[in-house]
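Colleague:
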Amino acid sequence: MELFPDGTHVRLRSRVHGTYLHADGDGAGVSTSPQRAPLSAAWGVHRVARDGAAYVLLRSAAYGRYLALRARSAPQGRGRRPVLRTYDAPDQDDVLWVVVRAGDEGDDVLLRHGRDGTSFVGVTGDNDSHDTRRTHWVVEAIPPRRRPPVLPAPVPLSRPMVLWRTIAYVRADDDGNFDPHPLARRRFIFYGRSVFQLTGVLSILLRERFFGIKLCLRAGSQGRLTPLVVDLPANEEAMDIVVLTAGSPAAQGQELVYPDVDA
């Protein structure tokens, strides 16, 4: 569908509430918010074909994970809610969505799950759970930025609770090629959430200049690379990082797009 060109970024705005679909700060949930500028409201379009059918996958521009259908039902009979998942297998189907026009007029769309045809992405928490308009979305295209955004300033570790996670990383060549095998990864424990500090640690481990590398998330073996330009999600799950050379063909290629969320 022309509203979801492969490789572009979009926002999804609720027709009823005017709020935007966001990736939650924990990197696992999905919710809506009136704010349109945060990167968490941007979704990368990833189109695939399965058995002759076309599907749309939506990848969080903030955390790299894919919009998926929750395995178990939500409370109070509200259906199966969307969540964020890694894209790990070629035949994985919880991340598949079908775009359906909401009516004969306008550009409102429905996002119907590709395997469970009765489940749609909608605004949760409404008093009227039978109002089908809460599943109507307006698609807003987001243009690309000319240059990568500036990384957020480092944040001191807070006490007494400090998040930590395992970082698995691999160095890519100038064309973006890297060994996909898990054993090719190097690993270390990282404390905190600062992407600025994570870049500093990796530059030391790789013996490279801080501004000479670009970090990308890879959420699953089938997931596309997502530039890491915001602080890490508030969880302790392991993270897979691909390190690119700043200014290389891979870092400047058409596949690595930074959405201009301020546009």
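Residue 83 in the working numbering is what sits at position 79 of the sequence shown, and the numbering runs on without skipping anything. Just so you know, even glycine gets a beta-carbon here, dropped at the ideal spot from N, CA and C.
1) In angstroms, rounded to a whole number, what distance separates the CA positions of glycine 11 and arginine 17?
2) So phenylalanine 200 and proline 156 are supposed to be a Cβ contact under 8 Å. How far apart are they, rounded?
3) Pull up the distance between the alpha-carbon of valine 166 and that of leucine 202, whole angstroms please.
4) What does DSSP give as the partner residue(s) for serine 35 in the beta ladder?
5) Determine the direct distance from the alpha carbon of arginine 74 to that of glutamine 80, and round the result to whole angstroms.
6) Note the first and the last residue of the continuous alpha helix (DSSP H) segment covering serine 207.
7) Answer with buried or exposed for glycine 68, where buried requires no fewer than 16 other C-beta atoms within 10 angstroms of its C-beta.
8) With a CB to CB cut of under 6 Å and the five nearest residues on each side skipped, what residues in its chain are close to leucine 114?
9) Does the count of Cβ pairs from the stretch 42–61 and the stretch 82–102 closer than 8 Å reach three?
10) Taking all protein chains shown into account, do 16 or more other C-beta atoms lie within 10 angstroms of the C-beta of aspartate 235, making it buried, or fewer, making it exposed?
11) Using the C-alpha atoms, what's the distance from glycine 204 back to arginine 40?
12) Within this structure, are the beta carbons of tryptophan 48 and alanine 65 separated by less than 8 Å?
13) Under three-state DSSP, which class holds phenylalanine 215?
14) On a Cα-Cα basis, can you pick out the residue from Phe8, Asn239, Arg190 and Gly257 that is closest to valine 246?
15) Does the beta-carbon distance from valine 102 to glycine 126 come in below 8 Å?
16) Going by beta carbon distance, what residues of the same chain come within less than 6 Å of valine 159, once the five residues before and after it are set aside?
17) Anyone know if the C-beta pair for alanine 242 and aspartate 30 falls short of 8 Å?
18) Give the secondary structure of proline 253 by DSSP, where H, G and I count as helix, E and B as strand, and everything else as coil.
Modeller: Taking the definition as stated:
1) Taking the sequence shown and counting its residues from 1, the one referred to as residue 11 is at position 7. Taking the sequence shown and counting its residues from 1, the one referred to as residue 17 is at position 13. For glycine 11 and arginine 17, the gap between their C-alpha atoms comes out near 19 Å.
2) Taking the first residue of the sequence shown as position 1, residue 200 is located at position 196. Taking the first residue of the sequence shown as position 1, residue 156 is located at position 152. At roughly 6 Å, the Cβ-Cβ gap stays under 8 Å, so phenylalanine 200 and proline 156 are in contact.
3) As a first step, residue 166 is located in the sequence shown; it is residue number 162 there, counting from the start. As a first step, residue 202 is located in the sequence shown; it is residue number 198 there, counting from the start. The alpha-carbon of valine 166 is positioned some 15 Å away from that of leucine 202.
4) Locating residue 35 in the sequence shown gives position 31, where the first residue counts as 1. Looking at the DSSP output, serine 35 bridges to His26.
5) In the sequence shown, residue 80 corresponds to position 76, counting from 1. In the sequence shown, residue 74 corresponds to position 70, counting from 1. Summary for glutamine 80: the model assigns pLDDT 46, below 50, so the residue's position carries little reliability, and this model does not support an answer.
6) Indexing the sequence shown from 1 puts residue 207 at position 203. In the DSSP assignment, serine 207 falls within the unbroken alpha helix (DSSP H) covering 199–210.
7) As a working mapping, residue 68 is identified with position 64 in the sequence shown. Classification of glycine 68: buried, given that the 10 Å Cβ count is 16 or more.
8) Mapped onto the sequence shown, residue 114 falls at position 110. Val104, Ala106, Phe124 and Thr139, listed in sequence order.
9) Here the stretch 42–61 makes contact with the stretch 82–102; the two share three or more CB pairs at distances below 8 Å.
10) For this step, residue 235 is matched to residue 231 along the sequence shown. By the 10 Å Cβ count, aspartate 235 comes out buried.
11) In the sequence shown, residue 40 corresponds to position 36, counting from 1. In the sequence shown, residue 204 corresponds to position 200, counting from 1. The alpha-carbon of arginine 40 is positioned some 30 Å away from that of glycine 204.
12) Residue 48 sits at position 44 when you count from the first residue of the sequence shown. Residue 65 sits at position 61 when you count from the first residue of the sequence shown. According to the sequence shown, residue 48 is glycine rather than tryptophan. A contact, by the Cβ cut-off of 8 Å.
13) Locating residue 215 in the sequence shown gives position 211, where the first residue counts as 1. Three-state DSSP puts phenylalanine 215 in a helix.
14) The residue you call residue 246 lines up with position 242 of the sequence shown. Selection Phe8, Asn239, Arg190 and Gly257 evaluated against valine 246 yields Arg190 as nearest (Cα-Cα).
15) Start at 1 with the first residue of the sequence shown, and residue 102 comes out as number 98. Start at 1 with the first residue of the sequence shown, and residue 126 comes out as number 122. Between valine 102 and glycine 126, the gap from beta carbon to beta carbon reaches 8 Å or more.
16) Counting from 1 along the sequence shown, the entry for residue 159 is found at position 155. So the list reads Ser198, once near-sequence residues are dropped.
17) Counting from 1 along the sequence shown, the entry for residue 242 is found at position 238. Counting from 1 along the sequence shown, the entry for residue 30 is found at position 26. Cβ atoms of alanine 242 and aspartate 30: not closer than 8 Å.
18) Position 249 of the sequence shown, counted from the first residue, corresponds to residue 253. Looking at proline 253 - three-state DSSP - the assignment turns out to be helix.
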